[in-house]
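Scroll down for the structure; my scribbles are underneath it.
Numbering (UniProt numbering), first residue to last: 1 to 293.
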């Protein structure tokens, strides 16, 4: 069985589910201010923050491993290790914020990922202490051990991202299945005012749900599954969030600006795919913008 197959089996096991619930609640309690959660999710950036932050410790520790092999450059390796240790803390916080609002399979693997990262961080802290005490040999042994553990943990994180779609835009996936032709959403007068309505567009093998909101004569249409975890955005509510009219997902409360689909409140970090609108003989027509066709 491949490594990925083993990880899939771990994600299917409910062995540690009793520990996951309390851990999830503890993370959400610690990160209770919504502004802090949005900062860590990357909602303000329009992109998940965690994969950006982890580049610093991963890159620093890999580079330190190379520099440690060259005696004159070992002081620089120590600086890189220290930098990686410092940035590992906010990187872990952003990962914990994302983990606490993911599906159960991601949360199961996320515990393993977090455990590996914690061990790696401990080894690197030990390496810094040993180097500060003049025990360079031990410091290098600990740092190389940390690099090995961190590499294994990174592989788990990659599986969570690429195989389990943690952090990916689920709306973009649905958009790729949608026809590029103009879609007839029906007469303008048939759309309810100020709330989401379900319409569908032709997909490759099944219809793709769309969330359509009418505000007077203005119509906004989005892919109907939330970019966060495919929640039914067409069942969401229209609310004012931070001074902006938004469509709010009923599952986790992610809020998307009706004007451009950008997230205004997490846990979503990716924007919601929005369709172009035109009026034709009193009927509302929609299609994907050029980048999606």
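We treat Cβ as the ideally placed atom computed from N, Cα and C, and that holds for glycine.
How long is the line joining the alpha carbons of residue i and residue j, rounded to whole angstroms?
i	j	result
residue 188	residue 47	34 Å
residue 41	residue 65	30 Å
residue 146	residue 76	17 Å
residue 101	residue 114	15 Å
residue 22	residue 29	10 Å
residue 249	residue 237	7 Å
residue 128	residue 82	7 Å
residue 107	residue 163	14 Å
residue 152	residue 197	45 Å
residue 269	residue 44	7 Å
residue 33	residue 39	10 Å
residue 276	residue 182	9 Å
residue 132	residue 56	22 Å
residue 261	residue 251	17 Å
residue 200	residue 209	5 Å
Helix, strand or coil for residue i, going by three-state DSSP, please let me know.
i	result
residue 333	Given that the chain is displayed from residue 1 to residue 293, the structure contains no residue 333 and the question cannot be resolved.
residue 46	coil
residue 18	helix
residue 28	helix
residue 98	helix
Between the Cα of residue i and those of the options, spot the shortest distance and give me the residue it belongs to.
i	options	result
residue 173	234, 12, 224	224
residue 140	116, 162, 91, 80	80
residue 283	251, 186, 221	186
residue 180	123, 290, 19	290
residue 217	36, 67, 279	279
residue 194	200, 213, 205	213
residue 142	134, 271, 135, 124	124
residue 215	37, 191, 264	191
residue 230	166, 68, 116	166
residue 89	281, 205, 259, 53	53
residue 20	86, 104, 71	104
Over the uninterrupted alpha helix (DSSP H) stretch that includes residue i, give me the two end residues.
i	result
residue 52	50-53
residue 146	136-162
residue 195	Looking at the DSSP string, residue 195 is not in any alpha helix (DSSP H), and its letter there is neither H nor E.
Can you tell me whether residue i sits near the ligand GTP, meaning its C-beta is under 8 Å from at least one heavy atom of the ligand?
i	result
residue 266	The ligand GTP is not among the ligands present in this structure, which contains no ligands whatsoever.
Assuming residue i contacts residue j (C-beta within less than 8 Å), just tell me the rounded distance between them.
i	j	result
residue 203	residue 233	Not a contact, Cβ separation roughly 16 Å.
residue 112	residue 159	Residue 112 to residue 159, Cβ: 10 Å. No contact.
residue 211	residue 222	5 Å
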